[in-house]
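Student:
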Amino acid sequence: MSNSTLSSVSSDLRPRTAAMAGQPLLEINNFSTHYVSAQGTRVVRAVDDVTLRVNAGETVGIVGESGSGKSTLALSILRVLPTAARIVSGQLWFEGEDLVRKTDAEMQDVRGKRIAMILQDPMASLNPLFTIGNQVAEPIRVHEGADRPTAWRRARDLLKAVRIPSPETRVQQFPHEMSGGMRQRIVGAIGISCEPRLLIADEPTTSLDLTIQAQYLNLLRELQRAHGLALIFITHNLGIVAKMCDKLVVMYAGRVVESGPVSRIFNAPAHPYTKALLNAIPRMSDKRQRLTAIEGQPPDLAALPRGCAFAARCPEAFDRCRKESPPEFNFDGGRTSRCWLSTATTRSGAA
Amino acid sequence: MKQFVARRLGYSLLSLLLLSLTIFFFVRVTGDPAALLVEPGASEADIAAIHQQFGLDRPLWVQYGLFMVNLFRGDFGQSFYYQTPVFNLYLDRLPNSLLLAAVAMAFSLLVGIPTGILAAVRVGRFWDSAGKIFALLGLSLPSFFVGLVLILVFSVYLGWLPSSGFGGVWHILMPAFALGWYFAASHMRLTRSSMLEVLGSEYIKLARLKGLPQSLVIAKHAFKNALIPVLTLAGINLVLMINVAVVVETVFAWPGIGRLLYEGISFRDFPVVQGVVIMGGTMIVVVNLLVDIAYAVIDPRIRVET
Chain C
1 MSNSTLSSVS SDLRPRTAAM AGQPLLEINN FSTHYVSAQG TRVVRAVDDV TLRVNAGETV
61 GIVGESGSGK STLALSILRV LPTAARIVSG QLWFEGEDLV RKTDAEMQDV RGKRIAMILQ
121 DPMASLNPLF TIGNQVAEPI RVHEGADRPT AWRRARDLLK AVRIPSPETR VQQFPHEMSG
181 GMRQRIVGAI GISCEPRLLI ADEPTTSLDL TIQAQYLNLL RELQRAHGLA LIFITHNLGI
241 VAKMCDKLVV MYAGRVVESG PVSRIFNAPA HPYTKALLNA IPRMSDKRQR LTAIEGQPPD
301 LAALPRGCAF AARCPEAFDR CRKESPPEFN FDGGRTSRCW LSTATTRSGA A
Chain B
1001 MKQFVARRLG YSLLSLLLLS LTIFFFVRVT GDPAALLVEP GASEADIAAI HQQFGLDRPL
1061 WVQYGLFMVN LFRGDFGQSF YYQTPVFNLY LDRLPNSLLL AAVAMAFSLL VGIPTGILAA
1121 VRVGRFWDSA GKIFALLGLS LPSFFVGLVL ILVFSVYLGW LPSSGFGGVW HILMPAFALG
1181 WYFAASHMRL TRSSMLEVLG SEYIKLARLK GLPQSLVIAK HAFKNALIPV LTLAGINLVL
1241 MINVAVVVET VFAWPGIGRL LYEGISFRDF PVVQGVVIMG GTMIVVVNLL VDIAYAVIDP
1301 RIRVET
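Those protein sequences? They're chains C and B, same order as listed. Following our numbering, the numbering of the first sequence begins with 1 at its first residue and continues without gaps. Following our numbering, the numbering of the second sequence begins with 1001 at its first residue and continues without gaps.
1. For Leu1222(B), which option in Glu1202(B), Pro1255(B) and Ser1186(B) has the closest C-alpha, if you only look at C-alpha atoms?
2. Output the distance between the C-alpha atoms of Phe94(C) and Arg111(C), rounded to the nearest integer angstrom.
3. So with CB distances below 9 Å, who are the chain B contacts of Ala276(C)?
4. With DSSP as the reference, identify every bridge partner of Ser259(C), one or two as the case may be.
5. Flag this pair as yes or no: are the beta carbons of Ser68(C) and Leu1206(B) separated by less than 8 Å?
6. Quick check: the stretch 1230-1243 of chain B against the stretch 1131-1140 of chain B, are there 3 or more CB pairs under 8 Å?
7. Given a limit of 7 Å on CB to CB distance, which residues of the stretch 1191-1205 of chain B reach chain C?
8. Do Gln1214(B) and Ile1023(B) come within 8 Å of each other at the CB atom, strictly closer than that value?
9. Comparing C-alpha positions only, which one of Ile118(C), Phe266(C) and Gly96(C) sits nearest to Ala242(C)?
10. Alpha carbon to alpha carbon, what distance is there between Arg1058(B) and Phe1025(B)?
11. What separation, rounded to the nearest whole angstrom, lies between the Cα atoms of Leu1099(B) and Phe1177(B)?
12. Please confirm if Arg1321(B) has its CB atom under 8 Å from at least one CB of chain C.
13. Assuming Leu1238(B) is part of the alpha helix (DSSP H), what are its boundary residues?
14. For a contact meaning CB atoms closer than 7 Å, what does Lys1210(B) contact in chain C?
15. Anything in chain A within Cβ reach of Lys1224(B), meaning under 9 Å, just list it in chain order.
16. Any idea if Ile232(C) is buried or exposed, counting beta-carbon neighbours within 10 angstroms, 16 or more meaning buried?
17. Expressed to the nearest angstrom, what Euclidean distance is found between the alpha-carbon atoms of Ser1129(B) and Gly191(C)?
18. Pro1213(B) versus chain C: which residues are under 7 Å apart at the beta carbon?
19. Tell me whether Pro1085(B) sits in a helix, a strand or coil according to DSSP, three-state version.
20. Does DSSP put Met1001(B) in a helix, in a strand, or in coil?
21. Within 8 Å of any Cβ in chain B, is that where the Cβ of Met117(C) sits?
22. What number of angstroms, rounded off, separates the C-alpha of Pro1033(B) from the C-alpha of Ile1257(B)?
23. Using CA coordinates, which residue listed in Val142(C), Asn29(C), Leu219(C) and Ala302(C) is at the minimum distance from Arg163(C)?
24. Alpha carbon to alpha carbon, how far is Tyr1090(B) from Phe1076(B)? Give it in angstroms, no decimals.
25. Cutting at 8 Å between CB atoms, please list the residues of its own chain near Ala302(C), excluding the five before and the five after it.
26. To the nearest angstrom, report how far apart Glu58(C) and Val250(C) are at their CA atoms.
27. Can you tell me whether DSSP reads Asp1032(B) as helix, strand or coil?
28. Thinking C-alpha only, which one of Pro315(C), Pro122(C), Ser179(C) and Ala309(C) is nearest Glu295(C)?
29. Would you mind working out which of Leu238(C), Thr72(C), Val54(C) and Ala116(C) sits nearest Tyr35(C), comparing C-alpha positions?
30. Taking Cβ positions only, does His1171(B) come closer than 8 Å to chain C?
31. Under the three-state reduction of DSSP, which class applies to Leu231(C): helix, strand or coil?
32. Excluding the five sequence neighbours on either side, which residues of its own chain have a C-beta within less than 8 Å of the C-beta of Asn30(C), listed in chain order?
33. According to DSSP, is Met284(C) part of a helix, a strand, or is it coil?
34. Report yes or no: do the stretch 1180-1192 of chain B and the stretch 1109-1122 of chain B share at least 3 C-beta pairs separated by less than 8 Å?
35. For the stretch 227-245 of chain C, which residues have a CB atom closer than 8 Å to at least one CB atom of chain B, in sequence order?
36. Report the CB separation of Pro167(C) from Arg156(C) in whole angstroms; it is logged as a contact under 8 Å.
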């Protein structure tokens, strides 16, 4: 009611006031998304009690193995979830507004305009039956009410910005006439088309070969600088995190097990899972014959064990880990860890 | 590719040959046409004269041979009953069948596609269940029963629509519905499943992530993609509609080729029955051949399969 008029009036002012007040751009508090089966008997805790902050212009990397809840978290932020998914608790504060409490119609003004997302598979993310120009111009027409010639002119400029050669002819072409790398750059162009404040990239380079990957990552960084974007980068590649990100969030079994500045986590990981992940990165200098792996499987998210979800695979686990789930410990000014061992770290950090 | 087309063409000709054999011998099992053409109590000599006139006194394999030779010349023979060439009879009736099929097809698409989309968008809810019931009834109720119920309700009780015959717009409504319901159900089910598949695709997810309103996501991005298999099926179904309307045309006395076939069977008019069945079979075989070739042109994996 009056709330919606208020938010529309102040939508231009809020980001600036938020930035001035030192408020994060996105603040996720104790957020959970569960998948509920049709009978309601099986509940999969895909995202469980996640707390996360993203500042304006910052790059946050989210890592974790498949099924750790990274993509569900990303889709939850934009509220584009499968029908079985339920946001069960928590808040998503974005530029001072709680996205969880927005109606679907209000979310349409957020999606693509204030928060954009790039999906994993460039071959499947473009509609095969419409031209590139049509698909790039579409959000500009919908969000800014631009007429067709204006939107198409902008689309050509965007293709130029993502280094697509001869954009004048490319806008007339269909997705099947382009390579995978080109299509992913086009999806990137769609992402930045309405100058969002936050771009979420869900494993955007997984299906690209290494050379194209490096080019694409450079492109994303340039776009980020040029447009002052905040970037959430979802990946399972810690090398990309080291290169791209300011902050790292490690997810395991739907929870954030460790978070903090990238350099500090890489130098001194607090959670045994993070340590294991960093140990698993192959190094050229390594004399060992075999790659290091983390033994065991992640737990079933529909039947989580009592205590810490990582305890069964953890080399440092002790009795308390199997009985009680550790809370999120804050330490070292801006780092968090969900591990009973971190209580000791906190003390040593303070001493 | 050439080999593929040649092989498919061979299969098609073989199917038609088997069809001609089957219909030729089956129609002769139904009885003696002369018995229906002479007055009761006619002499043996009269019946023999009729047999001789229609060539029914010759051995069966000679009759079949002559029938096939004439067929290759494009001659379907003379109707025993009407005493005119079967092909002319067929051409006289064909436009009526085409009209009925066109109206039934329009109905089946106008009903089948929107209900299919609605069912897919509201999957598992009221409209999906309502659509499933509509489809189940359409696929399982025989068309003669639907036709009789329609006549009972709209002609006998309400008196709104003429019960049978050929004429204005009002005459075609009930036969088109009775014929089209089955196909509406078949189009609805394919639209639903095709739409569900498309709605689960990544490009629909991206369309939603772009902030497009749900109506645009469905009407623009999903609809066009979901329609492709439905139109392929509709093309094949149109040929079926022209040729399988025997019961509907009989119930509503609609003067199409289905009714011609029914008359041919009643009068033991062998050339008419053979002609209508072979024409229908040819249409269906040709359409299937064209669809096979079109798929092979589109999808290279089909070409290597036998």
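Built from N, CA and C at the ideal position, the CB exists for glycine as well.
Tutor: Working from what's here:
1. A small correction: the amino acid at residue 1222(B) is Ala; Leu does not occupy that position in the sequence shown. Checked all of Glu1202(B), Pro1255(B) and Ser1186(B); the closest Cα to Ala1222(B) is Glu1202(B).
2. 12 Å
3. Under the 9 Å cutoff, chain B gives no residues; its nearest Cβ is about 32 Å from Ala276(C).
4. Val249(C) and Thr336(C)
5. no
6. no
7. Ser1201, Glu1202, Tyr1203 and Lys1205
8. no
9. Phe266(C)
10. 14 Å
11. 13 Å
12. Only positions 1001 to 1306 of chain B appear in this structure, which leaves residue 1321(B) out of reach.
13. Phe1223 to Asn1243
14. Arg111, Gly112, Glu138, Pro139 and Ile190
15. Considering every chain present, this structure includes no chain A. Its protein chains are C and B.
16. buried
17. 38 Å
18. Gln108
19. strand
20. coil
21. yes
22. 20 Å
23. Leu219(C)
24. 10 Å
25. Arg42, Val43, Val44 and Arg45
26. 17 Å
27. coil
28. Pro315(C)
29. Thr72(C)
30. no
31. strand
32. Asp49, Val50, Thr51, Ser89, Gly90 and Gln91
33. coil
34. yes
35. none
36. 5 Å
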